[in-house]
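A.B. asks: Heads up, the sequence shown stops at 103 in my numbering, and the numbers go up one at a time, no gaps. Think of the CB as a built atom: it goes at the ideal place given N, C-alpha and C, for glycine as much as any other residue. What you are looking at is a predicted structure, and each value in this text was computed from that prediction instead of being measured. After the structure tokens below, expect a handful of questions from me.
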Amino acid sequence: MSEQPIEPPTVSVREARERFADVVDRAERDEPTVITRRGREVAAVVPIELLREYRQWEERELLRLVAERRGEPTFSLEDVMAETLARPE
Numbered sequence: 015m016s017e018q019p020i021e022p023p024t025v026s027v028r029e030a031r032e033r034f035a036d037v038v039d040r041a042e043r044d045e046p047t048v049i050t051r052r053g054r055e056v057a058a059v060v061p062i063e064l065l066r067e068y069r070q071w072e073e074r075e076l077l078r079l080v081a082e083r084r085g086e087p088t089f090s091l092e093d094v095m096a097e098t099l100a101r102p103e
């Protein structure tokens with residue numbers, strides 16, 4: 015049986031404003047909080063270390079994609095524009 019991830023608590027923007035210190039305290043304890051506006055998730059307050067880890071992962075992923083694509087052919091903007099303009103409408 016697979017375990018379902020525990021969803022972080024959700025608060026509205028108004029509630030987050032009213033309880034901002036509590037939301038920050040939760041993040042400090044490694045407990046994220048999701049913030050909603052009109053019932054739609056719009057933001058999250060997360061522990062700073064989680065944000066730093068995400069940014070490092072994002073940079074590594076971008077570098078991996080660039081390295082992966084290095085061997086692929088490239089096209090100049092001029093060539094792309096010329097081909098696009100040459101197409102019949």
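For E21, which three-state DSSP category applies?
C.D. replies: E21: coil per DSSP, three-state reduction.
A.B. asks: Quick one: any contact between the segment 43-55 and the segment 65-75, if contact means 3 or more CB pairs under 8 angstroms?
C.D. replies: The segment 43-55 is not in contact with the segment 65-75.
A.B. asks: Could you name the residues of the same chain whose beta carbon sits closer than 8 angstroms to that of A57, not counting the 5 residues immediately before and after it, in chain order?
C.D. replies: The residues are V48 and I49.
A.B. asks: Return the first residue and the last residue of the beta strand (DSSP E) that V27 is part of.
C.D. replies: Segment V27 to E32 is the alpha helix (DSSP H) holding V27; no beta strand (DSSP E) there.
A.B. asks: Please work out which residues of its chain come closer than 6 angstroms, Cβ to Cβ, to V37, disregarding the five sequence neighbours upstream and downstream, and give them in chain order.
C.D. replies: A30, T47 and V59.
A.B. asks: Go to R69, then tell me how far its beta strand (DSSP E) extends in each direction, as first and last residue.
C.D. replies: R69 -> not in any beta strand (DSSP E); alpha helix (DSSP H) instead, spanning I62 to R83.
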